[in-house]
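K.L.:
Numbering (our numbering), first residue to last: 2 to 245. Using N, Cα and C, we set each Cβ at its ideal position, and we do this for glycine too. In this text, all values refer to a predicted model and were calculated from it rather than measured experimentally. Here you go, one structure.
Laid out in structure tokens, this is it:
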């Protein structure tokens, strides 16, 4: 089963189109413990979980074993947000360690290219029934300085959207704030490929509008993590996209 299918299946089973970005900050010694506590509280209402360097760097794979165990137990796909961007040999070593450590997918930067960049990573992911998601348009203001640059008359993000399709990756990361870009990317991808959209809440994006534009899964971090009641906030977010 392809990762995109597994993510959609988890979304249906849990009645959620939200991936929790476990961007836990504060004292490094307690980050994994706090991440596990939050994940235990809200796991039944998520489509998946995303971890980036806030946890990966201080905790390492061994320190995140508890997070991976909860995700496996609850059937939640676990995504490593490392924006993989190196030569083929390094990329392969990286994904082997991440997949072996309980991660189900990695986010990669298409800037690194296909030949001797990501081609064997995507092939290896298929072999292991894991996933590779390509970064198409980020959610911070400076994204337009790179991802919106034009090559000829075409913006870079559209070139990257076609790479998602043509390289047979599992999906694309597209900012929830960029509704027109979501629509363009959705028209470009194969129907089975997924769009995941960050930038919701603190960065100004709205989950329901992103889903209406073509997003499959909304990525939400601080809006849930910093809420007085994370479960109540997640419930509100899930309701907002139910009829989108």
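Tell me where the alpha helix (DSSP H) around residue 176 begins and ends.
P.N.:
Run containing residue 176: none; DSSP gives neither H nor E here.
K.L.:
Name the two residues that bound the continuous alpha helix (DSSP H) containing residue 198.
P.N.:
Taken as a continuous stretch (DSSP letters only), residue 198 belongs to no alpha helix (DSSP H), being part of the beta strand (DSSP E) at 195–198.
K.L.:
Using the Cα positions of residue 140 and residue 17, report the straight-line distance between them to the nearest angstrom.
P.N.:
Between residue 140 and residue 17, the C-alpha separation is close to 22 Å.
K.L.:
Could you tell me which of 146, 33, 241, 227 sits nearest to residue 69, measuring between CA atoms?
P.N.:
Residue 69 has its Cα closest to that of 33, out of 146, 33, 241, 227.
K.L.:
CA-CA distance, residue 66 and residue 152?
P.N.:
C-alpha separation (whole angstroms): 43 Å.
K.L.:
By Cβ distance below 8 Å, which residues in the same chain neighbour residue 84 in space, the five residues on each side in sequence not counted?
P.N.:
108, 109, 110, 136, listed in sequence order.
K.L.:
Give a yes or no on whether the C-beta atoms belonging to residue 216 and residue 198 are separated by under 8 Å.
P.N.:
Yes, the Cβ-Cβ distance between residue 216 and residue 198 is below 8 Å.
K.L.:
When the Cα atoms are used, what is the spatial distance from residue 178 to residue 62?
P.N.:
Approximately 32 Å, taken between the alpha carbons.
K.L.:
With DSSP as the reference, label residue 82 as helix, strand or coil.
P.N.:
Reduced to three states, the DSSP call for residue 82 is strand.
K.L.:
With DSSP run on the structure shown, which of helix, strand or coil describes residue 49?
P.N.:
Residue 49 falls in the strand class under three-state DSSP.
K.L.:
For the alpha helix (DSSP H) containing residue 222, name the first residue and the last one.
P.N.:
From DSSP, residue 222 is part of no alpha helix (DSSP H); its letter is neither H nor E.
K.L.:
Rounded to whole angstroms, what's the CA-CA distance from residue 30 to residue 222? Just pull it up for me.
P.N.:
Each residue's alpha carbon lies about 20 Å from the other.
K.L.:
Can you confirm whether the segment 144–151 touches the segment 164–175 when touching is taken to mean that 3 or more C-beta pairs between the two stretches lie within less than 8 Å?
P.N.:
Segments in contact, no.
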